[in-house]
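One structure is given here, and the rest of the page talks about it.
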Amino acid sequence: MFDRRLVEHFDWVLLALTFILEGIGILTLYSAVNPNADMANLQSLLYLKQWYWICIGTTAMISMFIVNYKWLNRWAFSVYAFSLVLLVAVSFLGKEVSGSQRWLVLGMFSFQPSELVKITLIIMLAQYFSGRASEKGWTLHDLWKPLVWTLIPFALIAKQPDLGTGLIVLLIAASITIFVKIEFRSLMFLTGSGVFVSSAAWFFFLKGYQKQRILAFINPETDPLGAGYHIIQSKIAVGSGLFLGKGFLKGTQNALSFLPEQHTDFIFSVLAEEWGFFGSALVVVLYLFLVIWGLSIAMRSKEPFGTILAVGVTCMIFWQVIINIGMALGLLPVVGVPLPLISYGGSSLVSTMIGLGLLMNISMRRFMFKD
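Taking our numbering, the leading residue of the sequence shown gets 13, the next gets one more, and so forth.
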């Protein structure tokens with residue numbers, strides 16, 4: 013029998029934030045692809061395809077809050093294993109685009125399993141940490157399983173190569189682990205290991221273009237027409253917007269094709285040029301409110317699985333926003349992370365809306381559990 017309390021406790025605020033950011037995204041995407049005459053034949057279709065993905069994402073979001081999220085606790089390993097199978101399949105059956113093999117083609121559309129892995133890893137870690145408590149903090153002995161569950165998808169994603177998504181996977185796992193409390197000595201050991209591995213990766217694992225992006229971040233003027241081009245043009249676009257911006261469809265950096273990846277990685281630069289500091293700050297405030305609201309859902313949850321699940325989803329959105337906007341402003345290296353709900357990209361959009369559906373699910377069912 014349907015419980016009316018589900019409607020009474022439905023999170024209309026989170027739903028409104030989702031649709032507002034999607035609305036801003038669809039307007040910005042239209043502007044990003046519409047003025048560019050050189051790419052009109054190809055990219056004008058992206059605006060219509062984004063509507064298609066919004067419909068799929070909305071369906072996925074509704075599916076996520078209709079059924080009690082507690083069933084994920086029982087099926088955590090199964091959904092995680094399924095996402096890994098898809099990730100492995102990319103290595104053998106994936107479509108290669110611009111030197112990266114990240115997409116699986118299913119009929120008329122393609123998607124990135126790495127985006128799904130972000131959600132399934134959160135579910136897996138929530139299931140593990142909620143099943144036992146640790147007052148003194150988790151030790152290395154306790155953390156070896158979560159570490160393995162994190163490093164397997166990270167290695168598969170980095171192999172594609174997709175350093176940006178791999179980095180998000182690591183940040184999600186680290187954020188959840190710190191939230192559930194880790195023993196200080198274990199934290200210091202893992203931090204030191206991370207520094208050592210990062211140093212080793214520079215010499216043995218990072219590809220040439222990835223090193224060049226990091227060097228260009230430190231000093232983009234050393235290669236203004238190569239690796240530093242993205243950062244320089246993005247900063248020009250953001251700065252030229254001034255306080256109120258140039259107006260909708262009037263961004264010159266975008267229209268004259270100076271701004272690369274204007275519909276994905278650097279869509280915030282398009283927004284900043286057209287709407288200026290005021291519009292950019294408004295979007296940042298909306299994201300800040302979304303993150304605070306997600307954390308409040310976690311704190312209001314009356315059982316540990318829901319709390320950790322909500323923290324994981326919120327951290328996923330938070331880190332993607334920080335990295336994407338940091339790239340656009342030249343504060344972080346270019347690693348290819350989309351801006352949630354705004355950048356073009358079906359896989360990213362659907363995974364984000366699945367996460368938001370889980371947040372709504374946790375929020376609307378908090379009354380079912382005793383304090």
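Cβ atoms here follow ideal geometry from the backbone N, Cα and C, with glycine treated the same way.
Can you look up residue i in the DSSP assignment and give me helix, strand or coil?
i, result
"V349", "coil"
"S308", "helix"
"F123", "strand"
"I32", "helix"
"A52", "Here the model assigns A52 a pLDDT of 49, short of 50, so the residue's position is not dependable, and the following value carries that caveat. In this structure, A52 counts as helix in the three-state DSSP scheme."
"E195", "coil"
"E108", "strand"
"K148", "coil"
"K130", "helix"
"I354", "coil"
"S187", "helix"
"F141", "helix"
"T177", "helix"
"T276", "coil"
So, under 8 angstroms CB-CB, residue i and residue j are touching, yes? Tell me the CB distance rounded to an integer number of Å.
i, j, result
"S281", "A340", "5 angstroms"
"P173", "S210", "Not a contact, Cβ separation roughly 16 angstroms."
"K193", "G149", "5 angstroms"
"S75", "V129", "Not quite, the Cβ-Cβ distance comes to about 19 angstroms (not below 8 angstroms), so this is no contact."
"L179", "V347", "6 angstroms"
Can you grab the Cα-Cα spacing for the pair residue i / residue j, in whole Å?
i, j, result
"K247", "P272", "12 angstroms"
"F22", "S375", "7 angstroms"
"S360", "E127", "6 angstroms"
"S363", "I279", "19 angstroms"
"L118", "F289", "41 angstroms"
"P158", "F191", "14 angstroms"
"F330", "N80", "25 angstroms"
"L26", "L39", "20 angstroms"
"L370", "F77", "6 angstroms"
"I164", "T151", "20 angstroms"
"L182", "F166", "7 angstroms"
"R377", "F31", "22 angstroms"
"T276", "T203", "32 angstroms"
"V333", "L261", "24 angstroms"
"E195", "V91", "29 angstroms"
"G342", "Y241", "11 angstroms"
"C67", "V160", "35 angstroms"
"V19", "A28", "15 angstroms"
"E285", "T70", "29 angstroms"
"I309", "M328", "15 angstroms"
"I36", "M311", "29 angstroms"
"V102", "A93", "14 angstroms"
Given a cut-off of 9 angstroms on the beta-carbon distance, is the pair residue i and residue j in contact?
i, j, result
"L351", "N336", "yes"
"I169", "V325", "no"
"T132", "A88", "yes"
"F317", "Q62", "no"
"M73", "M365", "yes"
"V45", "Q274", "yes"
"L298", "A322", "no"
"G358", "Y64", "yes"
At which residues does the beta strand (DSSP E) containing residue i begin and terminate?
i, result
"L118", "112-118"
Could you pull the start and end residues of the alpha helix (DSSP H) that residue i belongs to?
i, result
"F104", "83-105"
"Q386", "No answer is possible for residue 386: the residues shown for the chain start at 13 and end at 383."
"V79", "From DSSP, V79 is part of no alpha helix (DSSP H); its letter is neither H nor E."
"T364", "358-376"
"H153", "152-171"
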